[in-house]
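Residue numbers (the working numbering), protein chains in the order written: chain F, 35 to 415; chain Z, 35 to 415; chain E, 35 to 415; chain Y, 35 to 415.
In what follows, a structure is listed as C-alpha cells, so that the remarks can point back to it.
4 protein chains.
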Amino acid sequence: MDINDYLIETRRYFHRNPELSFKEYKTAGKIEEELKSMGLRPERITETGIIADIINDKNKKTVAIRADIDALPVTEENDVDYRSLNDGIMHACGHDTHITMLLGAAKMIINDLKNFNGNVRLIFQPAEESPPGGAIEMIKNGALENVDYIIGQHIWGSLDAGKIGIYYHEMMANADQFNIKIHGKGGHGSAPHEAIDTIYISSHLINMLNNIISREIDPQEPAVLTVGKINAGYRYNVIAAHSELSGTVRTFSRDVQEKIKKRIGEILEGLKMIYNINYEYDYEYGYPVLVNNENISKIIEETASSILGNENIVHPKPNMGGEDFAYYLEKVPGAYYVLGGAFPGKHIGNHSPLFNIDESVLYNGALILKESARNILLKNP
Amino acid sequence: MDINDYLIETRRYFHRNPELSFKEYKTAGKIEEELKSMGLRPERITETGIIADIINDKNKKTVAIRADIDALPVTEENDVDYRSLNDGIMHACGHDTHITMLLGAAKMIINDLKNFNGNVRLIFQPAEESPPGGAIEMIKNGALENVDYIIGQHIWGSLDAGKIGIYYHEMMANADQFNIKIHGKGGHGSAPHEAIDTIYISSHLINMLNNIISREIDPQEPAVLTVGKINAGYRYNVIAAHSELSGTVRTFSRDVQEKIKKRIGEILEGLKMIYNINYEYDYEYGYPVLVNNENISKIIEETASSILGNENIVHPKPNMGGEDFAYYLEKVPGAYYVLGGAFPGKHIGNHSPLFNIDESVLYNGALILKESARNILLKNP
Amino acid sequence: MDINDYLIETRRYFHRNPELSFKEYKTAGKIEEELKSMGLRPERITETGIIADIINDKNKKTVAIRADIDALPVTEENDVDYRSLNDGIMHACGHDTHITMLLGAAKMIINDLKNFNGNVRLIFQPAEESPPGGAIEMIKNGALENVDYIIGQHIWGSLDAGKIGIYYHEMMANADQFNIKIHGKGGHGSAPHEAIDTIYISSHLINMLNNIISREIDPQEPAVLTVGKINAGYRYNVIAAHSELSGTVRTFSRDVQEKIKKRIGEILEGLKMIYNINYEYDYEYGYPVLVNNENISKIIEETASSILGNENIVHPKPNMGGEDFAYYLEKVPGAYYVLGGAFPGKHIGNHSPLFNIDESVLYNGALILKESARNILLKNP
Amino acid sequence: MDINDYLIETRRYFHRNPELSFKEYKTAGKIEEELKSMGLRPERITETGIIADIINDKNKKTVAIRADIDALPVTEENDVDYRSLNDGIMHACGHDTHITMLLGAAKMIINDLKNFNGNVRLIFQPAEESPPGGAIEMIKNGALENVDYIIGQHIWGSLDAGKIGIYYHEMMANADQFNIKIHGKGGHGSAPHEAIDTIYISSHLINMLNNIISREIDPQEPAVLTVGKINAGYRYNVIAAHSELSGTVRTFSRDVQEKIKKRIGEILEGLKMIYNINYEYDYEYGYPVLVNNENISKIIEETASSILGNENIVHPKPNMGGEDFAYYLEKVPGAYYVLGGAFPGKHIGNHSPLFNIDESVLYNGALILKESARNILLKNP
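What follows is the structure, encoded as C-alpha cells:
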C-alpha cells in the first residue's frame, strides 16, 4: 500500500475507535500489531503504554519520538464516514494523527536506517489528557533509559495545514484543575426564600472567578481560568441543593498560580458568609511548564524548513495548554512543536466537537519526525 | 392491625418504593391490592390511575377525595431505615402520605358508612409532579363522572404537625416550565478567546433572569422565577460548547406570566447579539391557578377545628406552587388544603432531599378527610 | 379671574419656581400672599410650613386638608414654556399641583362656607420628599390641634386624568434609605492588580442587592430595593478608591424590613472578605406605613363618584412609595388618595424628569377636596 | 543653597501647588523664574509649555530632556506638611519630581558645560495626563527643531528608591479612553417595573466589560480595561434615568485594541435590546505605543550603572500605562525609563491618593539625566 493511503487509513481507524485516558486497550493492541508487522518488537511497559526501538548502532546515541494515544470525553459533531464509533468519546485533540504519524515515521526510518547515525525509540504514551498523565509512569518504567534526546509533535487546529510552529524555550503552561462543590439547601422552586439556591450562587461564583484574571493578575502575566463544567439541580422546579463545578487554571509563573489558587478559596469563603453555603474546594496541580531545548528546536526548524519551505515556519507565542511531554524534557534535552492541521481558513481549536484535520499533512508530519531524528543524531554525534 | 400501625407501615412501604410520574406501576398495584382487601373494586382508568367507589346510596350525592401518588427524581439524604430503595427517586413531596391517608380514610369511611349521607369516590392520581400531569387524563376517563364535590389534602413540611392550613379562594399559582439550550463554540480551556463559553454566558443569563422579578415586575404581584437545573460542559479543561438550563415561573396573573415569558426571550436575544450564541427556548404553560370553593373550605375548616382544636387552624397566604388539582376544581366545587407534617421547630420544605414528616399526623389526616367528606354530604344534601 | 385660569396660572408659577425640601422660602411667601388675598390669616408654624383656618363655627368640628410643597433635585426634561427656572430642581412629584388645588379649594370653601357644618384647616407642609420630612415638626408645632379629621390628595402620573384611586386601609409602604461607602485602593487604571477597584466591586454589590428581593424574600410579601445613586471615581484612568451608593427599601412588614437591612450588611461583610475592602453602611428608617380610615375613605369615594362618575373610581393595590402623611394618620382619622393626572395613554411616573400633568384635572381636584371636607363634616357632626 | 536642599525645597513647592492639565500657569511661571535665575532664556512655546536651550557649541548635536509638569484630579490622602494646597488636585503621578530633577540637571549641566560635546534642550511639557496631551502641540511649535536625541525619566512608586528600570524596545501601551452614557427611564424608586434603571443595567455592563479581557482576548496579549468613573442618579429614591461611565483601555497591539473597541459597542447594543435603553458611546484613541531606541537605552543603562551600581539596574516588563513621550520618539531616537521612588518595602502605585516618594532619589535622578545627556553626545558625536 502507498504510504499516504496507509497514513489516512490508519488515522481513520484510530479516529473511529477512540478510547479514554488509561483505557487505550484496543488502541495499544492495534499499535503493537502494526509495529510487529514492521518487524519491530514492541514492549508494553505500562498497562497501555508501548515502546519500540529501531536499532542501527547500539554504541551510538538514541533519539526518542513520543506520540500520545488517548482520546477525550467529547461527543463528535463531525458528519464524516469515519466518525467516532464510541458514543461520547472522540479524538478531538488529534492524538489519532500522532499515533499515525509516528507509525509512518517508523516505516520511513526503517527504510532509511543506514543513513541514521544512531538509534530511534518510539514511545506510544497513554493518558496525556488526564493528569497526572501517562508520562510519569512511562518514565518510571524506563521509557527514557538510554535515550539522549526526545522530540514530540502536536497537530494543531488553529494553524494552516502546511505550516509548522517552533518554540525555542517555554511552550506550554502550568495546567491545573480545580473542583468545587457548593452545598446550599434544597426546596420547592416556588419558595426561594426558604432555600439556599446553589445555581444562583454559582452564577455569582463563575462571574467572580472569571474576573480574577481581568482585575487581579498583572496584565503582563499570561493567565487563564476556565470553568469547563457545571452540574447542578435535579429538576426544573426543585431548588438545587448542590452544585458541582470544575475548571482549569493556566499560568507561566508560580506566584500567579498560587495567587489564583488562594483567590478562589477567598471568593468561596466570602460567598459562604453571604449566602450561608458550605463548600468543598480542591486544587490539583497539573503538568508543569514545558521548556524546549533551543538547540534541538533549531534543528527541527531547519529540517522542517527544508521540507515545508522557510515561509511556512512560524514562531507562535507560548501556549496556555498543558502537556505531560514537559516531564520528558525535565530528564533529557528535546523539543516539542506544532504541526498545522487546519483546512485553509477553517480553524477549529483542538478539543472542539468539530475538530478535524486536513489529512494531507500526515505525510509531511511523519517525514519531519523522521528527518528531525536523523538530523539530531548527525549534529549531536 | 391497629389503624395507626397500618398507616405508618403503609406509608413506609410507599416511601421505600417511590416511582416517577406516569411510571407508578408497582405503586398502583399495591394500592389496588389494599383496596381489594377492604372489599372495594378498584378501577384502573389510566395506565397507573385508579378510582374506587364507596357506595352508600346511589341516589345521593358523591364526594371525591383525591390523592396523588408519584415521587420525585430527588436523591434521598435522610438516614432512616425506610429510606428510598430506588436510587435517585424519592417521595420528597410526601405523596406516600397522601396515598396512605386516603387508604386510611377509606377504611374509616367503610366502618362508618351508615353515617354518610351519600357516597365517596377515592381517586388515586398519577403524575402530579410532571406537567401536563395526571389529572387531565383522569378527568377525561371519567374520574369526575357523578361526582358533586371534591377535596384534596397536601402534607406540608413548613407547617407544624398538628396544624392545618385552609384557603378560601386562590391557593396555588400558575406553574410553568421553561427550557433553554445555549449553543456556543467549544475549544480548549486554555484558549477562551477562540471559543464561545456557554458556562460564562449562562452565569450572566441566570443573573439577568433572577432580576426580572426584582426589577421588572410590579412588587405587588407575587411572582417567582427559579432556575432549577443546569448542565454544561464535558470536562474541566474543555470549554463548554453547550449549556442546558431549565426552571419554573410562578405567577397569579396572566399579564405577569406573559411578561416573564417574553422577557426571557428578549434576554436570550440580547445575549445572542452580545456573545454570538445560538439558543433554543421553550416555555411550557403548566397547571393553572387553583381556586377553592369558599363554602367547602369552611366545612373543612370546621371539621378540622373539631379534631385539631381551633388554635391549630391557620390561613396561609396563597402558595406559589402549582397543582393539577386545579383541573378538578375547574369542573366541580371543592377545596384543597395543607396538613402540617413538620417535626416541631424543624421545617424542611417539600422537595428537599431531607424532607420527612412526623408520622403521628397520618391518623388525623385520614380522619379529617373522612369527616370532611361526611360533613360536606350532610350540609349539601 | 376665572377659577380655571387661576388654577393653571398658579400651578405654572409654582412649577417654574421649585424649591428643595426645607428650603421652600419663596414658595411659602407666595402661598401666604395668596391666602391673605383671600382674606385668610396664614400662620407660619415652621420655617416654611403654614397653616390657615377657615372658620364657620368654632363649636363644630374641623377637617384639615394637607398639601406638601417641596420639589425634587431632578433636572426637568420637559420642553414647556413653564419649565423649571431653577437648574437641577423640578416639581417632578407634582407638589406644585397640590399647593394649587389646596389654594383653589380654599377659594371654593370660602365661597360656600355657609354650607359647611364645621371648619377647615389648610396645611401647607414642607419637605415631604426628604425624610425625616416636614410632617413631624408641623404636628409638633400644632398643625393638628383641634383637628378632627384629615384628608390629603396626591396627583398621579400613572393614572388617567379624570380618574381617582381610593384605598380603604394600607396605602403606602415603609420607605427607608440606605447609604453605603466602599473604600478600596486607588491606583493607575492600567494596573488593576495593584489596586482594589471599587467600581468593579460595586457592580457585584448592586447585583447582589437586587437579588435579595428575587431570591430571599417571600414572593407574597411586596418589597422593593432600589439603588438610586452611585458616584465613584475621579477620572477615567484612575482606579476608583471610593464608591458611594444610596438607595431605598420599601416594605409592608417589619420582618421583611429587618431582613433586608440585615442582608445588605451581610453582603457587604462577605465582599469585604473577598475583596479586602472597607465599608460604611447606614440604614435610615423612613416614613412608616400609611393606613387610611375606612369610613373617611368611603366618604371621599362617594364624593368623587358624584363628581367624576362611578366608572372613574379605581381601587389600586397599595403603593410602595412612602409618605409622611402617615404621621398625621397616626394622630387623627383620615384618608389619602390619588388623583389621575396623566394625559390619556401617556403615563409617566412621578419623579421622572418628564413628569407632567393634564392641567384640566386641577379644577375637579380642588372641588373633590372641598366637597369631601364638606361631606365629612356633614356625616360626622 | 546645597543642591540637595534645592531639590527637596523645589519639589515640595510644586507638590504643594499642583495644577491640572493645560492649566499649569503658576507652575510654568515658577519654572521660568528658576530657569532665568540660572541665566537661561526660557521660551514659552505653548500656553504653559516651555523650552530652554543650554548651548555649548551650535555646530554640534543637541540632546533634549523632557519633563512633564501637570498634576491629577486626585484628592491627596498623605498627611505631610507639604500636602497639596489645591483641593482635589495632587501630583499623584510625581511630575513635581520630574520638573525638579530637570531643573537640578540644568544646574549640573551648566556647571559642567565644558565637558559636553554638544548642547542640551530642556523641555517642560504640559498636560501629559490628559490626552490628546501636551506633546503634540509642543512638537508642532518646534520643541524638537534641531534636536538629535531625546530622553525622559519617570519616577516610579512601585520600584525601590535607588533602582532604575530600563527598557530596550516597547515600554508603554496604547492608552485609550472610552465614554458611555446610558439613557433609561426615571421614576419613583418604589416602582422599578415602570422605569428603566440605568444603575442596575450599568452593573451588568461593568461586569461584561471586565470579562472581555478574561474571556475574549488572547491571554498572551497584555490588555487592560478599567472603568474609572461612574456617576448615575440624582437621589436615593429616584430611579436613575441616566448613567455616565468612563474608562481606559490599554493594549500593545492594534488588533486587540480594535477588538475591545468593537466588543464594548456590541455589549451596549445587546443591553439596548434587552433593557430598551439608549446609549452614547465614544472611544478616543490615546497615546500610541512608546518604543525606545535600543542604543540610547544602553547608554542610559551604562550611565545609571556607574552611578547606582549594576545591581540596581532592572529590566521590567513593558508597562500598560500610556505616555505622550511616545510622540517625541516617533520623531527622534531616544529612550524613556523609570526611576525607583519607593520607600523600601512600601510600594504605592502612581496615581494613588497615597502616592509619595523618597526624596533622597532626586539628586541621583538629576545626575543620571545630566550624565546620560553627556554620554549620548560623546558616543554619538
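Even for Gly, the Cβ is constructed at its ideal location relative to N, Cα and C.
Only a predicted model underlies this, so the values are computations on that prediction, with no experimental measurement involved.
Supposed close pair residue i, residue j - CB separation, criterion 8 angstroms
i        : j        : result
Z:Pro352 : Z:Tyr201 : 7 angstroms
E:Glu250 : F:His227 : 5 angstroms
F:Met354 : F:Arg288 : About 16 angstroms separates the two Cβ atoms, so there is no contact after all.
Y:Val272 : E:Gly262 : 5 angstroms
Z:Leu178 : Z:Ala86  : At roughly 14 angstroms, the Cβ-Cβ gap does not stay under 8 angstroms, so Z:Leu178 and Z:Ala86 are not in contact.
DSSP state of residue i mapped onto helix, strand, coil
i        : result
Z:Asn93  : coil
Z:Arg117 : coil
Y:Arg408 : helix
Z:Thr82  : coil
Y:Leu178 : coil
Z:Asp102 : strand
Y:Val325 : strand
E:Phe56  : coil
Z:Glu204 : strand
E:Glu318 : strand
Z:Phe359 : helix
F:Met124 : strand
Y:Ile264 : strand
F:Leu193 : strand
F:Leu259 : strand
E:His381 : coil
Residue i - partner residues in DSSP beta bridges
i        : result
Y:His49  : According to DSSP, Y:His49 bridges with nothing at all.
Y:Tyr313 : Y:Ile216
Z:His276 : Z:His217
F:Phe158 : F:Ile84, F:Ala101
Z:Tyr370 : Z:Gly186
Residue from the options whose Cα sits closest to the Cα of residue i
i        : options                                : result
Z:Asp316 : Z:Val348, Z:Lys174, Z:Glu278           : Z:Glu278
Z:Glu81  : Z:Ser394, Z:Lys57, Z:Thr96, Z:Ala177   : Z:Lys57
E:Val372 : E:His132, E:Arg46, E:Ala86             : E:His132
E:His129 : E:Arg408, E:Ser406, E:Leu396           : E:Leu396
Z:Ser55  : Z:Glu393, Z:Ala169, Z:Ile235           : Z:Ala169
E:Thr61  : E:Gly73, E:Thr44, E:Leu74, E:Arg75     : E:Thr44
Z:Ala225 : F:Gly383, F:Lys365, F:Asn51            : F:Gly383
E:Phe377 : E:Ile391, E:His385, E:Ala369, E:Glu364 : E:Ile391
Z:Asp146 : Z:Ile89, Z:Lys95, Z:Gly191             : Z:Ile89
F:Asn312 : F:Glu303, F:Leu119, F:Asp102, F:Ala101 : F:Glu303
Z:Val323 : Z:Ala360, Z:Val181, Z:Ser331           : Z:Ala360
Z:Thr109 : F:Ala274, F:Glu393, F:Ala257, F:Met135 : F:Ala274
Got a sec: which bits of the stretch 247-269 of chain F sit with their beta carbon under 7 angstroms from any beta carbon on chain Z, in order along the chain?
Of all residues in the stretch 247-269 of chain F, Val258, Thr260, Val261, Gly262, Lys263, Ile264, Asn265, Ala266, Gly267, Tyr268, Arg269 have a Cβ within less than 7 angstroms of some Cβ in chain Z.
Can you pull out the residues from the stretch 270-299 of chain Z whose beta carbon lies closer than 7 angstroms to at least one beta carbon of chain F?
From the stretch 270-299 of chain Z, only Tyr270, Asn271, Val272, Ile273, Ala274, Ala275, Ser280, Gly281, Thr282, Arg284 have a Cβ closer than 7 angstroms to chain F.
Contact residues within the stretch 306-331 of chain Z, judged by C-beta distance below 8 angstroms to chain F
Going along the stretch 306-331 of chain Z in chain order, one finds no residue with a Cβ nearer than 8 angstroms to chain F.
According to a CB-to-CB cut-off of less than 8 angstroms, which residues of the stretch 176-189 of chain F neighbour chain Z?
Going along the stretch 176-189 of chain F in chain order, one finds no residue with a Cβ nearer than 8 angstroms to chain Z.
Note down, in chain order, all residues in the stretch 380-411 of chain Y with a beta-carbon under 7 angstroms from any beta-carbon belonging to chain E.
Cβ contacts with chain E come from Gly383, Asn384, His385, Ser386, Pro387.
For the stretch 100-120 of chain Y, list every residue whose C-beta sits within 9 angstroms of some C-beta in chain E, in sequence order.
Of all residues in the stretch 100-120 of chain Y, Leu106, Pro107, Val108, Thr109, Glu111 have a Cβ within less than 9 angstroms of some Cβ in chain E.
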